[in-house]
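For the sequence shown, numbering that gives the first Met the number 0 assigns the number 0 to the initial residue and increments by one for each residue that follows. Have a look at the structure below, then the notes.
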Amino acid sequence: MTTMRTAAAGSLAAAGLLLTLAACSTPAATPSSAPASSASASASASADAGPCEGVKVIVDSGSLDQAAADTSACVDAGGPTLASDVLGKADVKIEGTAKYPTSFACRVNGVPAADFDIKHKGGTTREACDDKNTVSYWALWVKPAGGEWAYAQEGLDSLKLNPGESLELLYTVDNEPAAPAA
């Protein structure tokens, strides 16, 4: 069992390194498609309801169903803008991880709280923002104007978004939902 946990933690660390170095490497495979939760569908649908001349921002707490995190907004962007700046303009508060404090989101608008039990296939866990959680995380997705959702290949502090694009932070537990709602 310890070997499996160590392997899982090593896999997560490798995935984080790949995301950080994605600009210099081949794109990571997009997780397999699975049905999105009802929270995913509602948050994505509300952001897609109207036109956005800037960058659409969607935060979806997925199966956590934590309304404090969920939001959708249209942010003015005159040209390429860092994802971290877009989220700041949308009044989305990000707390990073210990190892990647500005690249990854550990908490979004305080979700999940440090004392919140996250239910997963193996039991429950709590998010300590110490880069050791291997079952749940805020996944970062990008959708080009008129395109399909794709897993972001850069972190919040290096990903640049253009007007007409969409950005989604989607909370994923046990790899579900595997992608934002259409």
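Every residue gets a Cβ at the ideal spot worked out from N, C-alpha and C, and that includes glycine. In this text the structure is predicted, and so the values were computed from the model without any measurement.
C-beta atoms of residue i and residue j nearer than 8 Å
{"i": "A138", "j": "R125", "result": "no"}
{"i": "S157", "j": "K142", "result": "no"}
{"i": "S135", "j": "H119", "result": "yes"}
{"i": "P111", "j": "L63", "result": "yes"}
{"i": "G49", "j": "V172", "result": "no"}
{"i": "A104", "j": "I117", "result": "no"}
{"i": "A67", "j": "N108", "result": "yes"}
{"i": "T70", "j": "A82", "result": "no"}
Residue(s) in a DSSP beta bridge with residue i
{"i": "S135", "result": "V172"}
{"i": "D59", "result": "L169"}
From the options, residue whose alpha carbon lies closest to that of residue i
{"i": "L160", "options": "S135, T101, G77, V110", "result": "G77"}
{"i": "D129", "options": "G145, N108, G122, K98", "result": "K98"}
{"i": "A177", "options": "N132, D59, A127, A72", "result": "D59"}
{"i": "P79", "options": "Y170, P162, A180, P179", "result": "P162"}
Limits of the alpha helix (DSSP H) - the one that residue i falls within
{"i": "A82", "result": "82-88"}
Beta strand (DSSP E) segment containing residue i, residue limits
{"i": "C51", "result": "Note, C51: premise wrong, no beta strand (DSSP E); not H, not E."}
{"i": "S71", "result": "70-74"}
Legend entry - Whole runs of the alpha helix (DSSP H) within the stretch 85-127, excluding any shorter than 4 residues: The stretch 85-127 contains no whole alpha helix (DSSP H) run of 4 or more residues.
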